[in-house]
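Engineer: Top to bottom, those sequences are chains A and B. Once you know that position 81 of the first sequence is 88 in the working numbering, the rest is easy, because the numbers rise by one and skip nothing. Once you know that position 11 of the second sequence is 719 in the working numbering, the rest is easy, because the numbers rise by one and skip nothing. Supplied in structure tokens, the structure appears directly below.
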Amino acid sequence: KAGVTQTPRYLIKTRGQQVTLSCSPISGHRSVSWYQQTPGQGLQFLFEYFSETQRNKGNFPGRFSGRQFSNSRSEMNVSTLELGDSALYLCASSLEGANMGYGYTFGSGTRLTVV
Amino acid sequence: SQKIEQNSEALNIQEGKTATLTCNYTNYSPAYLQWYRQDPGRGPVFLLLIRENEKEKRKERLKVTFDTTLKQSLFHITASQPADSATYLCALFTSGTYKYIFGTGTRLKVLA
């Protein structure tokens, strides 16, 4: 079966712009989580969506937002980009939510560079 | 404060030996603990999950132990191979935070 698909793979944006990243989870998976990965901080949790509802949110400013559609596909949006937003953004899908003890299947990520 | 610590120094071992990686945590009561492998430029790949009431889990050459008293998990790769070279991440799920928190990972290099 197809894995988790993230698009685009690479993105270069200018400070102040906004960006939308997309994630298609594994078919049948209802939970999608987003993480930001940087060399200094490792993987930092952004948010989790389950059946179109945001169930949990990390400690990121309101410039970071997301949504999930009825087909479980998810998007995250970052507005007013800052240089510090440069990172690998990873989407992870699981059959049920993290609380059910399922492992995540991660996509290959979107490498965002803000210049 | 809550912390997850993995050895940030790279671990180099000879092919065929057992690699042991450590994940220590403080001020968490994890319900689950997971281990992932990550290769450069790729997303992490799920390896094993162990629950708070389990002491040990095995999968092929992999073994995970979970000691909630010591607040530590050990991840073992037996008969290691150069293809096992990667960064290994541990992640905790706590019902308090209701999310997975990841350690920063340990780089393993298996020398031929």
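Built from N, CA and C at the ideal position, the CB exists for glycine as well.
1. Name the DSSP beta bridge partners of G35 (chain A), please?
2. What residues of chain A sit near Y796 (chain B), judged by a beta carbon separation below 8 Å?
3. Which bits of chain B does N63 (chain A) rub up against, with CB to CB less than 9 Å?
4. Determine the chain B residues that contact E55 (chain A) at a beta-carbon separation under 8 Å, and present them in chain order.
5. Should Q48 (chain A) be flagged as near chain B, meaning a C-beta pair shorter than 9 Å?
6. Mind checking the segment 742–761 of chain B against chain A and listing, in chain order, the residues whose C-beta falls within less than 9 Å of any C-beta there?
7. With 7 Å as the limit, tell me which residues of the segment 101–115 of chain A have their beta carbon closer than that to any beta carbon of chain B; keep them in chain order.
8. Three or more beta-carbon pairs under 8 Å between the segment 30–47 of chain A and the segment 99–117 of chain A, yes or no?
9. Less than 9 Å between the C-beta atoms of Y733 (chain B) and Q780 (chain B), yes or no?
10. Roughly how many whole angstroms lie between the Cα atoms of L719 (chain B) and F76 (chain A)?
11. Using the beta-carbon count (16 or more within 10 Å), is M107 (chain A) buried or exposed?
12. Since F810 (chain B) meets chain A, which of its residues come closer than 7 Å, beta carbon to beta carbon?
13. Is L119 (chain A) close to chain B, meaning its C-beta is less than 9 Å from at least one C-beta of that chain?
14. Where does Q44 (chain A) land, buried or exposed, given buried means 16+ other C-beta within 10 angstroms?
15. For the segment 709–736 of chain B, which residues have a beta carbon sitting closer than 7 Å to at least one beta carbon of chain A?
16. Taking 8 Å as the threshold, find out whether the segment 731–747 of chain B comes into contact with the segment 790–807 of chain B through three or more Cβ pairs.
17. Would you list the one or two residues that DSSP bridges to N84 (chain A)?
18. Per the contact definition of three or more C-beta pairs closer than 8 Å, is the segment 53–70 of chain A in contact with the segment 801–808 of chain B?
19. Apart from the five residues just before and just after T27 (chain A), which ones in its own chain have a Cβ nearer than 6 Å to its Cβ?
20. Give the secondary structure of D775 (chain B) by DSSP, where H, G and I count as helix, E and B as strand, and everything else as coil.
Structural biologist: In terms of the structure at hand:
1. For G35 (chain A), no pairing in a beta bridge is given by DSSP.
2. Scanning chain A for C-beta atoms nearer than 8 Å to the C-beta of Y796 (chain B) yields nothing, as the closest lies near 12 Å away.
3. What N63 (chain A) touches in chain B: T805, Y806 and K807.
4. Per Cβ cutoff of 8 Å: K807.
5. It does: the Cβ of Q48 (chain A) has a partner Cβ on chain B nearer than 9 Å.
6. From the segment 742–761 of chain B, only Q742, Y744, Q746, G749, R750, G751, P752, V753, F754, L755, L756, L757 and R759 have a Cβ closer than 9 Å to chain A.
7. So the close ones are A105, N106, G108, G110, Y111, T112, F113, G114 and S115.
8. With the rule of 3 Cβ pairs closer than 8 Å, the segment 30–47 of chain A counts as touching the segment 99–117 of chain A.
9. It is a contact, given that the beta carbons lie within the stated cut-off.
10. Answer to the nearest angstrom: the Cα atoms are 42 Å apart.
11. Label assigned to M107 (chain A): exposed.
12. Under the 7 Å cutoff, chain A gives G49 and L50.
13. Chain B, which has no Cβ nearer than 9 Å to the Cβ of L119 (chain A), makes this no.
14. Label assigned to Q44 (chain A): buried.
15. The residues in question: there are none.
16. Three or more pairs of CB atoms, one per stretch, sit closer than 8 Å, so the segment 731–747 of chain B contacts the segment 790–807 of chain B.
17. The partner list for N84 (chain A) (beta bridge, DSSP) reads A:T27 and A:S72.
18. Yes, the segment 801–808 of chain B touches the segment 53–70 of chain A.
19. Taken in chain order, the residues that qualify are E82 and N84.
20. Note: D775 (chain B) maps to strand in three-state DSSP.
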